[in-house]
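Peer 1: Here's a structure for you.
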Amino acid sequence: NYTRKSLSDSYISLCDYLEKNYIMNYWKKMDYNKLKEEGLVLVKEAEQTGNIDKYYEALNNLVDAHHDGHMGLSFYNENEYILNKIKQFNDYGLSLITLDDETTIAVDVENNLEIKNGDIITKWNGVPINEAIDNVKIPISEALIDNEKIMKTFYLAGVGEDTVTVSYINANDEEITTTLNKIDSNLPRALKSFNTFNHTKDDKEYDYKMLNNNIGYLKIGVEETNTISDGVSYLTGNHKVAREKFRTSLRELKKQGMTKLVIDIRNNAGGYEEVSTALASLFTKEKMYAFSLGIKKQKNLTSIVDRYVLADGEFSDIEVLVLTGMRCGSAGDGMVLYLSRIKGITIAGLTNPAGINQETGGLIFMPEGAVIMYPVGLILDQNGNPNIDIDDTRISRTPLDIKIPLNKEAALKIFNGIDYELEWAIEYLKK
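Numbering-wise (the working numbering), the sequence shown opens with residue 76 and increments by one.
Put into structure tokens, the structure is as follows:
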């Protein structure tokens with residue numbers, strides 16, 4: 076609790092505390108001296124001018140520098156700083172997405188614009204498109220570089236003043252430059268695009284059904300059951316309640332003719348790792364190492380108890396395709412990892428999962444209503460390193476087996492409300 080300190084003193088204390096206690100300092104090669112120096116420039120400006128947003132900016136930059144989805148800036152009073160960060164982006168009547176071939180196209184385009192869906196964007200406000208994307212500072216941090224680029228592309232479509240100039244190549248292969256006017260919008264189009272890309276409209280926490288005569292579907296949006304069973308599983312490493320819930324659903328699907336299965340965890344918000352290992356145990360006849368719970372002693376990370384995927388294997392004869400994506404994180408990331416180690420299971424997605432897996436829970440209270448959230452519990456691999464979280468390279472450590480192609484046809488389907496990845500999954504399992 077640094078709420079009684081001055082802005083400068085509280086910021087210094089925050090940096091010193093994180094340098095001592097943030098559990099992945101060495102893993103991410105954090106340079107707190109540099110962060111302290113850069114942040115204090117903004118904090119002192121806030122003290123001198125009374126512009127408190129400069130202080131919030133310093134806190135936000137510090138959090139973002141960790142590239143950790145379990146870290147965040149929030150507020151314990153009514154404060155619109157984060158909302159205002161999103162509101163600074165405008166709506167010019169279109170969104171953007173970068174395809175696998177590195178071209179960026181227009182999607183979700185308003186009917187009255189000269190630009191049409193699928194047109195290739197070459198410049199934004201006179202800046203070459205790739206350079207313009209790199210220069211965007213997004214309000215929501217992403218751990219992985221690849222996922223960050225997708226977010227930057229979405230937000231680039233909102234960068235500009237009352238007007239913005241856009242150069243594009245139309246269907247006749249002509250390069251044209253046009254001016255777009257800012258239009259009103261209650262929800263920035265970047266967030267709308269993010270939600271469309273990730274199919275958040277149907278965001279059920281749990282669902283199962285048959286997709287056709289022999290392909291079943293299991294959706295897991297959160298890895299929790301109830302407080303008691305989740306607590307017991309955390310202490311014992313064995314989540315019997317979750318395993319039997321999955322078993323009952325899968326048996327029902329098998330009665331209906333399931334021989335192949337899609338497990339949809341694209342929007343899995345996490346929860347308990349033990350739910351992940353409970354699901355994985357149903358597909359393997361071999362006991363497998365999963366992770367260890369650890370603690371930080373001075374500068375060393377130490378494992379204190381190991382966790383395993385048990386050898387239940389009732390559904391080991393089922394061919395499984397797992398759909399994941401950038402909104403799958405924390406224990407959801409764990410579910411991707413443990414399932415990926417099992418023979419007969421394939422991991423696929425338009426993007427890698429989020430790249431975060433440590434246990435949340437830390438809070439640092441700062442002046443002016445700010446709160447810094449940070450991970451405090453360690454989940455380690457067999458080598459005593461963070462189980463999944465990215466290091467300073469920001470490259471996924473739970474990579475896909477198959478990258479689902481993101482071409483123009485796919486993008487246009489997605490932004491027309493079609494679940495392109497699920498369609499792809501069904502065709503993949505048919506073949």
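From the three backbone atoms N, C-alpha and C, an ideal C-beta is built for every residue, glycine too.
In chain order, what residues of the same chain have a beta carbon less than 6 Å from the beta carbon of residue 523, not counting five sequence neighbours either side?
Peer 2: Because the chain in this structure spans residues 76 to 506, residue 523 falls outside the shown range and cannot be described.
Peer 1: State the CB to CB distance for the pair residue 214 and residue 160, rounded to an integer number of angstroms; the pair is presumed to be in contact (CB under 8 Å).
Peer 2: Here residue 214 is taken as the residue at index 139 of the sequence shown, counted from 1. Here residue 160 is taken as the residue at index 85 of the sequence shown, counted from 1. That pair is a contact at about 4 Å.
Peer 1: At a cut of 8 Å, does the segment 390-397 reach the segment 362-378 through at least three beta carbon pairs?
Peer 2: They do not touch, by the three-pair rule.
Peer 1: Return yes when the Cβ of residue 77 is within less than 8 Å of the Cβ of residue 440, no when it is not.
Peer 2: The count along the sequence shown starts at 1 and reaches residue 440 at position 365. The count along the sequence shown starts at 1 and reaches residue 77 at position 2. Yes. Within cutoff.
Peer 1: I'd like to know whether the C-beta atoms of residue 344 and residue 296 end up nearer to each other than 8 Å.
Peer 2: Numbered from its first residue, the sequence shown carries residue 344 at position 269. Numbered from its first residue, the sequence shown carries residue 296 at position 221. Against a cut-off of 8 Å, the Cβ pair of residue 296 and residue 344 comes out as a contact.
Peer 1: May I have a chain-ordered list of the beta strand (DSSP E) segments no shorter than 3 residues that lie completely inside the segment 354-428?
Peer 2: If we require 3 residues or more, the beta strand (DSSP E) runs fully inside the segment 354-428 come out as 363-372, 375-384, 394-398 and 420-424.
Peer 1: Which word fits residue 433, buried or exposed, when buried means at least 16 other C-beta atoms lie within 10 angstroms of its C-beta?
Peer 2: Working through the sequence shown from its first residue, we reach residue 433 at position 358. By the neighbour-count rule (16 or more Cβ atoms within 10 Å), residue 433 is buried.
Peer 1: Are residue 257 and residue 167 closer than 8 Å when you measure CB to CB?
Peer 2: Locating residue 257 in the sequence shown gives position 182, counting from the first residue. Locating residue 167 in the sequence shown gives position 92, counting from the first residue. Taking 8 Å as the Cβ cut-off, residue 257 and residue 167 qualify as a contacting pair.
Peer 1: Under a three-way DSSP split, which group does residue 150 fall into?
Peer 2: For the purposes of this step, residue 150 is identified with residue 75 of the sequence shown, where counting begins at 1. Three-state DSSP puts residue 150 in a strand.
Peer 1: Have a look at 194, 193 and 208 and flag the residue whose alpha-carbon is nearest the alpha-carbon of residue 200.
Peer 2: Working through the sequence shown from its first residue, we reach residue 200 at position 125. Selected option, being the one with the closest Cα: 208.
Peer 1: Kindly indicate which three-state DSSP category residue 256 falls into: helix, strand or coil?
Peer 2: Reading the sequence shown from its first residue, position 181 is the one you call residue 256. If DSSP states are grouped into helix, strand and coil, residue 256 belongs with the strands.
Peer 1: Where DSSP assigns a beta bridge to residue 241, which residues make up the other side?
Peer 2: As a first step, residue 241 must be located in the sequence shown, where it is residue number 166. 199 and 253, per the DSSP bridge assignment.
Peer 1: Taking residue 397 as the reference, give the member of 379, 338, 153 and 280 with the closest Cα.
Peer 2: In the sequence shown, the residue the question calls residue 397 occupies position 322. When only C-alpha atoms are compared, the closest one is 338.
Peer 1: Give the range of the alpha helix (DSSP H) segment to which residue 272 is assigned.
Peer 2: Working through the sequence shown from its first residue, we reach residue 272 at position 197. 264-272 is the span of the alpha helix (DSSP H), which, as asked, contains residue 272.
Peer 1: Going by the CB atoms, is the gap between residue 471 and residue 465 shorter than 8 Å?
Peer 2: Along the sequence shown, read from residue 1 onward, the residue named residue 465 stands at position 390. Along the sequence shown, read from residue 1 onward, the residue named residue 471 stands at position 396. Yes, they are a contact pair.
Peer 1: Round the Cβ separation of residue 487 and residue 182 to the nearest angstrom and send it over; I've been treating them as touching at under 8 Å.
Peer 2: Stepping through the sequence shown from its first residue, residue 487 is reached at position 412. Stepping through the sequence shown from its first residue, residue 182 is reached at position 107. Confirmed, Cβ separation roughly 7 Å.
Peer 1: Is it buried or exposed, residue 81, if we count other Cβ atoms within 10 angstroms and call 16 or more buried?
Peer 2: Within the sequence shown, the letter at position 6 stands for residue 81. Exposed: under 16 other Cβ atoms inside 10 Å.
Peer 1: Identify every run of the beta strand (DSSP E) within the segment 318-344, keeping only runs that are complete inside it and at least 3 residues long; order them along the chain.
Peer 2: Listed in chain order, they are 335-339.
Peer 1: Can you list, in chain order, the residues of its chain with a C-beta nearer than 6 Å to that of residue 495? Leave out the 5 residues immediately preceding and following it.
Peer 2: Position 420 of the sequence shown, counted from the start, is the residue given in the question as residue 495. Same-chain partners within the cutoff: 485, 488 and 489.
Peer 1: Identify, in the order they occur along the chain, each residue of the same chain with its Cβ nearer than 8 Å to the Cβ of residue 429, setting aside the five sequence neighbours on each side.
Peer 2: For the purposes of this step, residue 429 is identified with residue 354 of the sequence shown, where counting begins at 1. The residues are 144, 217, 218, 219, 222, 401, 402, 403, 404, 405, 407 and 408.
Peer 1: Would you mind sorting residue 96 into buried or exposed? The rule is 16 or more other CB atoms within 10 Å of its CB.
Peer 2: Translated into the one-based positions of the sequence shown, residue 96 becomes position 21. Under this definition residue 96 is an exposed residue.
Peer 1: Going by alpha carbons, who is nearest to residue 247 out of 271, 364 and 193?
Peer 2: Stepping through the sequence shown from its first residue, residue 247 is reached at position 172. With distances taken between Cα atoms, residue 247 lies closest to 193.
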